[in-house]
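Protein chains in written order, with the numbering used here: chain A, 136 to 187; chain B, 190 to 372.
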């Protein structure tokens, strides 16, 4: 599990913005979100003692 | 004909500056006070960066509704992550994680900021309508938008470097106290 991956993808997306590669930067943004959510589920393991 | 800066362009630039300010404050506490970010803290930073990317797309590629959708999606992701961390430390007597700013922990501020970004996008839509300019425009002041872009990109690169130093090629400790690669 690479904790730096979301930041690497975001930086790559910034580089694509700089090179005016819109499609690729959107794809890398999407990958940033997917990896961030996946890493969140990986870390959010402790059960919360709430009842609704 | 004198050129007029579209209100949405200025607001997107301000939005990106706001995100850069959030990342700078987080870095200040990390570097000046030696408080290393936990995994959930890092994911909140990644969420704010994704929010900033939406504003950046509007600035550099021209204004699109899908760019605002990206800002909203990233705000929701950031809000959920910070809400999870707030929930972890909600019990009475729990001292919370890390130091506080104006009495609130940074993950609580992250939740407030994520909700604030959603409200900000709503404000952008209203002001855009009031200004009577509905179509997207490319930024007119390239120098200003490029400078804001450079600051943001620098902060993203700095976050990448610090995360590599802190966590190496694995996952970070739940309560990190030192940089893994700087032993």
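The beta-carbon is built from N, C-alpha and C at its ideal position, and this holds for glycine as well.
8 Å Cβ cutoff met for residue i and residue j
i: residue 349/B; j: residue 368/B; result: no
i: residue 167/A; j: residue 148/A; result: yes
i: residue 300/B; j: residue 272/B; result: yes
i: residue 178/A; j: residue 229/B; result: yes
i: residue 236/B; j: residue 270/B; result: yes
i: residue 365/B; j: residue 225/B; result: yes
Residue i, buried or exposed, once every other Cβ within 10 Å from all chains shown has been counted against 16
i: residue 319/B; result: exposed
i: residue 255/B; result: exposed
i: residue 345/B; result: buried
i: residue 338/B; result: buried
i: residue 311/B; result: exposed
Min CB distance residue i to chain A below 8 Å
i: residue 236/B; result: yes
i: residue 364/B; result: no
i: residue 219/B; result: no
i: residue 214/B; result: no
i: residue 359/B; result: yes
i: residue 334/B; result: no
i: residue 346/B; result: yes
i: residue 230/B; result: no
Nearest-angstrom Cα separation, counted from residue j out to residue i
i: residue 212/B; j: residue 231/B; result: 11 Å
i: residue 191/B; j: residue 313/B; result: Caution applies to residue 191/B, whose pLDDT of 42 falls short of 50 and renders its modelled position unreliable; the model cannot decide the point.
i: residue 151/A; j: residue 234/B; result: 20 Å
i: residue 342/B; j: residue 218/B; result: 20 Å
i: residue 216/B; j: residue 158/A; result: 30 Å
i: residue 222/B; j: residue 321/B; result: 47 Å
i: residue 362/B; j: residue 317/B; result: 45 Å
i: residue 202/B; j: residue 291/B; result: 26 Å
i: residue 336/B; j: residue 294/B; result: 31 Å
is_contact[residue i, chain B] using C-beta, thresh 8 Å
i: residue 141/A; result: yes
i: residue 186/A; result: no
i: residue 152/A; result: yes
i: residue 172/A; result: yes
Are the region 240-252 of chain B and the region 269-283 of chain B in contact at 8 Å, needing three or more beta carbon pairs?
no
Three-pair Cβ contact test at 8 Å for the region 159-179 of chain A versus the region 262-278 of chain B:
yes
Inter-stretch contact (C-beta, 8 Å, three-pair minimum) for the region 136-146 of chain A and the region 352-366 of chain B:
yes
Spell out a yes or no on whether the region 200-210 of chain B and the region 171-187 of chain A are touching, meaning 3 or more CB-CB pairs, one atom from each, closer than 8 Å.
no
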